[in-house]
Structures are given as C-alpha cells and as structure tokens.
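Enquirer: My numbering applies: residue 290 is where the sequence shown begins, and numbers increase by one. C-beta: ideal position from N, C-alpha, C; glycine also.
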Amino acid sequence: LAFILWTSNPFWRLFPAPPDGNDLNPLLQDPGLAFHPPFLYLGYVGLSMSYSFAIAALIEGRVDAAWARWVRPWTLLAWINLTLGIALGSWWAYYELGWGGWWFWDPVENASFMPWLISAALLHSAIVVEKRNTLKSWTILLSIFAFSLSLIGTFIVRSGVITSVHAFASDPTRGVFILGMLVVAIGGGLALYAWRAPKMRAEGVFAPVSREGGLILNNLLLTVACAVVFLGTLAPLFREMIDGSKISVGAPFFDLSFTPFMILLAIALPFGAVMPWKRGHLGKAWRKIMIAAAIAFLVGALLWGLAEDRSPFAPIGIALAAWVVFGALADLAERSKLGRASIGETIRRLINLPRADWGKSIAHMGFGFTIFGISAVSAWETEDIRLAKVGDVIEVGGYEITFDGVRGVPGPNYNADIGRFTAMKNGKLEALLFPEKRFYQVQQMPTTEAGIHSGLTRDLYVVLGDPADGGKQWAVRSYVKPWANWIWLGALVMALGGLVSLTDRRYRVGAVAKAQKRAPATPSAAATPAE
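Right, here's the structure in full:
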C-alpha cells in the first residue's frame with residue numbers, strides 16, 4: 290500500500306489528458322495475459338507463507354514434523370501456481386510474439402523460474418524434516434530464499450535496473466523503495482537465521498545411500514541450478530556496477546551451464562524415489578528400476594540408429610525423458626507389488642496408496658514429458674525464412690505451404706494484414722493458417738500473431754512479416770515443430786501431480802467427531818447433599 294501511494298499512485302493525472310487514452314500495451318491485449326500474471330502472483334504470495342513459517346520457527350526455536358506438515362501444503366500450493374503461471378507465460382510468448390520460441394532466458398522469465406526451482410527443493414527438503422526430523426536449518430534457509438527470490442523478481446521487473454522485454458518501469462524511486470523492502474525482508478530473515486539456526490540440531494541419522502541422501506542430492510542440484518540462473522540474470526548488473534561495462538548474458542550461457550544439472554537431476558530422480566529411508570543399497574534400487582533403464586536405453590539407441598545427422602541431443606534427451614517417466618511407473622509397480630501379487634491385490638494397493646505418493650509419481654512423469662517436448666522440438670524443428678510472393682510454395686519439414694495472399698482487415702483498435710496459407714502433405718490438405726501483422730494506432734506499435742495449427746505430435750507455425758518490394762513480397766517464416774505441445778502438457782501434468790498431493794489426508798485438518806451428549810450426572814441414592 291505504501292509503495293502504491295508513494296511511488297505508483299494510480300490517481301495521479303496526466304495533463305493534458307490524451308483524447309483517446311494511452312491504450313493498453315498491445316502485447317498485453319491477449320486473453321493469455323488474463324491468466325499468466327495472477328497465477329505467478331499467487332505463487333509469489335504463497336511463498337510468503339513459507340517465509341512466515343520459517344521466521345516463526347526461528348523465533349520459537351523449534352522445527353519438528355508438525356511444522357513440516359504445515360509448511361508443505363502452502364509451499365506446494367505456491368509451486369503449483371508458479372508452474373501454471375510459467376507454463377502459461379511460455380505458451381503466450383510462443384503464439385503471441387511470433388518469434389518461434391517458447392523460452393528466451395529473459396531476466397523477467399528467470400525471475401519467476403528461480404523461485405520455482407527453490408520451492409521445488411523446499412518441497413523435497415520438508416519431506417526429510419517430516420519423516421526423519423533432520424535438515425531443519427537447511428529447510429528454514431530454503432523457505433527464506435524462496436520468498437526472497439520472489440522479492441528480487443519484483444525488483445527486477447519494477448525497478449528498471451535490467452533491460453528486458455517484460456520490464457514495466459524505469460523509475461529509480463520505485464527501485465529504491467523495493468530495495469528497502471529487500472533489505473528488511475531478506476536481510477532481517479537471514480540475520481535471524483544466523484542467530485537462531487545453530488540451535489536447531491538434527492536428530493535423524495542416515496547413510497549417504499538412502500532416500501534422505503537422494504533428497505539432499507535433489508536439493509543440491511536444484512539450488513545450484515538456481516544459483517546459475519541467478520548469476521547469469523544479474524551478471525550484467527554486477528558488471529555495470531564494477532566498471533561501467535555493459536554485457537549481455539543470453540541463451541548460450543544458460544544452455545551450457547544450466548542443462549547439465551537438469552540432466553543429473555533426471556538421472557537421480559528414479560533412484561531417489563525407490564530408495565528406502567535411513568539406509569539403502571544401490572544394487573537393490575537398481576533391480577527395481579532396471580526395466581525402466583532398459584526401455585530408456587532402447588529408446589535412445591533406436592533414435593540414434595534412425596537419426597540422419599547423428600546429433601546426440603535428441604537420443605539422450607528423449608532417453609532421459611523415458612527414464613524419468615518409466616522410473617515413476619516402476620516406483621508405482623514396486624509399491625503395488627505388480628507381478629508379485631494377484632491382480633486384485635495390486636489394484637487394491639494402488640487404490641490405497643497415499644495421494645502424496647500418487648502426486649509424486651504424476652509430477653515426475655510430467656517432468657519427463659517436458660524433457661521429451663524440449664528435446665524433440667529443439668532437435669527436430671525445421672524452419673524456412675524467405676521473401677515470398679502470392680502463389681509461392683514453401684517446402685518445410687515434409688509439408689508444402691502455399692502462400693495464397695494477404696488481405697487488410699480493420700480491428701477494434703488496430704489495422705491488420707491477415708495472410709492465408711494452405712498446408713499440404715502427400716497431396717492432402719493439412720491445415721489453413723492465418724497469421725496476422727497488426728498495427729495499433731494509439732501506441733503506434735506493430736505486433737505479430739502467428740498462424741498455428743497444433744497437434745499432439747507437431748505444430749505448423751507460420752509468421753507473416755513486413756512487406757517488401759512495394760507489397761509484392763512478404764517476409765514469411767515457416768516452422769514445423771515436432772512434439773512442441775508436450776512442453777506445456779508436461780507442465781500441466783506436474784501441476785496435476787501437485788494438486789493430487791495437496792489432497793493427501795495428512796495435509797487436511799480432519800474434523801473431530803462430535804462426542805455424543807451425555808445425560809447430566811445424578812447423585813447416587815446413597816449420596817447426601819453434603820457430598
């Protein structure tokens with residue numbers, strides 16, 4: 290409230306008032322932007338609950354299983370909303386901006402991704418606190434970091450210190466105010482942690498090869514991956530502060546430095562899921578998931594044998610995806626004693642599994658689906674960029690796309706040039722595509738609306754660019770994107786897994802059964818009034 294009143298007062302007036310208004314930013318005039326920001330906001334605010342639980346625990350000096358059971362559903366709810374918000378933002382950028390991609394490693398994209406990574410680590414760390422009464426200080430620290438990164442995201446978006454296509458303001462007054470909030474919230478939380486955390490002693494003892502060890506490895510990989518994103522995002526700011534130089538940190542840095550940690554995480558997930566608590570054995574764990582490993586190896590080998598360019602990216606990525614998905618299924622099979630008990634007993638065990646276990650397996654499978662989509666579209670995408678005349682046939686990815694023409698159409702607050710493209714394959718009509726080039730008069734700003742024909746196995750994606758040669762030719766970009774929708778399908782499945790876990794009976798407060806009313810006690814016949 291203070292921020293709004295002192296730095297962003299919505300009641301300040303513009304003078305002279307623009308006769309037609311300033312209009313909303315054209316990029317934001319899309320239904321996708323009605324859902325993307327609220328989900329992210331719910332995720333950020335939800336992590337304030339985890340932060341509050343951490344501060345309360347530090348003040349009280351006590352963290353136990355009950356604390357972990359309370360903090361997990363709030364963190365899980367925030368993580369679900371962040372998952373949906375990030376996925377919706379990626380999908381919006383994919384179909385609205387017309388650049389053909391789904392993730393740009395933009396600072397504001399990273400600002401939402403970093404809390405997602407840390408909250409995922411926090412969810413797994415809180416399991417250890419709940420089950421084994423250890424990792425207390427680490428879990429408290431993750432709770433502080435998760436909300437702190439949400440505040441840092443606010444600073445990145447609202448202060449204007451970092452150039453971004455998503456940045457909303459460049460007013461230094463706002464940046465100073467938010468910086469003060471960061472000092473109080475983050476500095477105060479970390480100061481309290483430094484004072485009180487050493488008094489929290491871990492009680493559980495476990496071997497490195499155990500479920501606890503697997504969850505710690507999970508935490509290390511997620512937090513180091515988050516640190517890489519953090520450093521890459523703020524490196525331009527740090528460099529400018531040091532010597533005034535301006536540098537740009539883009540996709541090549543993040544792809545090379547972030548991807549290895551996700552590969553290791555994908556390898557470790559099935560092992561950690563089937564490990565017993567306290568002490569485990571790699572050989573026994575391997576026997577539980579060796580069928581999943583065999584399937585993943587066969588998938589990778591088959592893709593390697595069929596590939597023409599011998600690039601290892603697709604075989605490795607899709608084999609990892611199969612490993613994660615079938616590893617999750619192997620965990621369910623092991624818990625239900627599939628093949629070692631009758632079908633009825635197996636079904637009964639599956640039905641009676643805690644919802645948190647179902648949610649874990651579903652979320653892990655969603656992670657595998659996303660890996661599959663990213664690997665497939667990155668390795669097998671084909672594109673064609675050219676100046677095209679009406680009647681030209683564009684051959685791309687086995688499709689023949691005919692440029693039928695362009696017509697001008699007035700919109701409610703813009704003028705649009707709408708192209709028509711006919712996509713054929715093997716002589717059969719596949720789709721009609723209508724990409725647009727819009728121009729908003731008030732903002733004096735052009736935007737692009739891609740023409741997309743989506744399917745479960747591929748997207749046809751056509752972008753109409755600017756005219757050339759007096760309107761006789763148009764810049765046209767055509768793409769065939771195999772399995773692209775599995776990126777967002779995986780995110781939805783991850784969120785579904787979180788929702789299933791959220792309904793686990795351990796995280797619901799059960800209503801205490803009402804005691805039956807008893808008749809008022811009556812004195813016995815032998816009792817006297819004095820008694």
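#1: When you compare only the Cα positions, how much space is there between Leu406 and Ile552?
#2: Please confirm whether Trp775 and Gly662 have their CB atoms less than 8 Å apart.
#3: My output table needs one value for Ala306: the three-state DSSP class, helix, strand or coil.
#4: What residues are listed by DSSP as bridge partners for Glu725?
#5: Distance, Cα to Cα, Phe495 vs Leu504?
#6: For Ile690, does the three-state DSSP call read helix, strand or coil?
#7: According to DSSP, is Ile674 helix, strand or coil?
#8: Alpha carbon to alpha carbon, how far is Arg358 from Arg795? Give it in angstroms, no decimals.
#9: Quick check: the Cα distance between Leu749 and Arg361, rounded to an integer number of angstroms?
#10: Taking the continuous alpha helix (DSSP H) assigned at Glu529, which residues delimit it?
#11: So for Arg490, helix, strand or coil by DSSP?
#12: In angstroms, rounded to a whole number, what distance separates the CA positions of Leu371 and Leu329?
#13: Going by Cα to Cα distance, which pick from Ala491, Leu386, Arg447 and Asp395 is closest to Leu424?
#14: Output the distance between the C-alpha atoms of Ile580 and Gln733, rounded to the nearest integer angstrom.
#15: Quick check on DSSP: helix, strand or coil for Gly716?
#16: Can you name, in chain order, every residue of its own chain whose Cβ lies under 6 Å from the Cβ of Ala524, other than the five neighbours on each side?
#17: Alpha carbon to alpha carbon, what distance is there between Asp620 and Gly589?
#18: Looking only at DSSP bridge pairs, what is Ile683 linked to?
#19: Which term fits Ile293, buried or exposed, when burial requires 16 or more other beta carbons within 10 angstroms of its beta carbon?
#20: Which runs of the beta strand (DSSP E) fall wholly inside the stretch 752-782 and span at least 3 residues, in chain order?
#21: Which same chain residues end up closer than 8 Å to Phe299 when comparing Cβ atoms and leaving out the 5 residues on each side of it in sequence?
#22: Would Leu511 and Ala557 qualify as a contact pair, given that the criterion is a beta-carbon distance under 8 Å?
#23: Tell me the start and end of each unbroken alpha helix (DSSP H) in the stretch 307-371 that is at least 4 residues and wholly inside, in chain order.
#24: With Lys726 and Asp758 assumed to form a contact (beta carbons below 8 Å), what rounded beta-carbon distance in angstroms separates them?
#25: Please work out which residues of its chain come closer than 7 Å, Cβ to Cβ, to Trp394, disregarding the five sequence neighbours upstream and downstream, and give them in chain order.
#26: List the DSSP bridge partners of Gly697.
#27: Per the DSSP calculation, Leu749 is bridged to which residue(s)?
#28: With a threshold of 16 other CB atoms inside 10 Å of the CB of His570, please say whether the residue is buried or exposed.
#29: In terms of residue numbering, what span does the alpha helix (DSSP H) encompassing Lys535 cover?
#30: Please name the residue in Pro308, Phe692, Trp381 and Thr548 whose C-alpha comes closest to that of Asp681.
#31: Can you give the Cα-Cα distance for Ser408 and Leu366, rounded to whole angstroms?
#32: Shortest alpha-carbon distance to Pro559 belongs to which of Val334, Ala574, Ser546 and Thr548?
#33: Per DSSP, what kind of secondary structure is Gly616 in: helix, strand or coil?
#34: Pick out the complete alpha helix (DSSP H) segments inside the stretch 626-660, 4 residues or longer, and give them in chain order.
Expert: Here's the rundown:
#1: Distance between the alpha carbons of Leu406 and Ile552 is about 15 Å.
#2: yes
#3: coil
#4: Ile707 and Glu738
#5: 12 Å
#6: strand
#7: strand
#8: 7 Å
#9: 41 Å
#10: Arg500 to Asp532 is the span of the alpha helix (DSSP H), which, as asked, contains Glu529.
#11: Of the three classes helix, strand and coil, the one that applies to Arg490 here is coil, per DSSP.
#12: 5 Å
#13: Ala491
#14: Separation of Ile580 and Gln733 (C-alpha to C-alpha, rounded to the nearest whole angstrom) is 59 Å.
#15: coil
#16: Val538
#17: 21 Å
#18: Ile690
#19: exposed
#20: 762-771, all fully within the stretch 752-782.
#21: The amino acid occupying residue 299 in the given sequence is Pro; Phe does not appear at that position. Excluding positions up to five away in sequence, the list reads Ile293.
#22: no
#23: 325-349
#24: That pair is no contact at about 16 Å.
#25: Gly539, Ala540 and Phe543
#26: Asp706
#27: His742 and Val769
#28: exposed
#29: No alpha helix (DSSP H) contains Lys535, which DSSP labels as neither H nor E.
#30: Phe692
#31: Rounded to the nearest angstrom, the gap between the Cα atoms of Ser408 and Leu366 is 10 Å.
#32: Ala574
#33: helix
#34: The stretch 626-660 contains these whole alpha helix (DSSP H) runs: 632-641.
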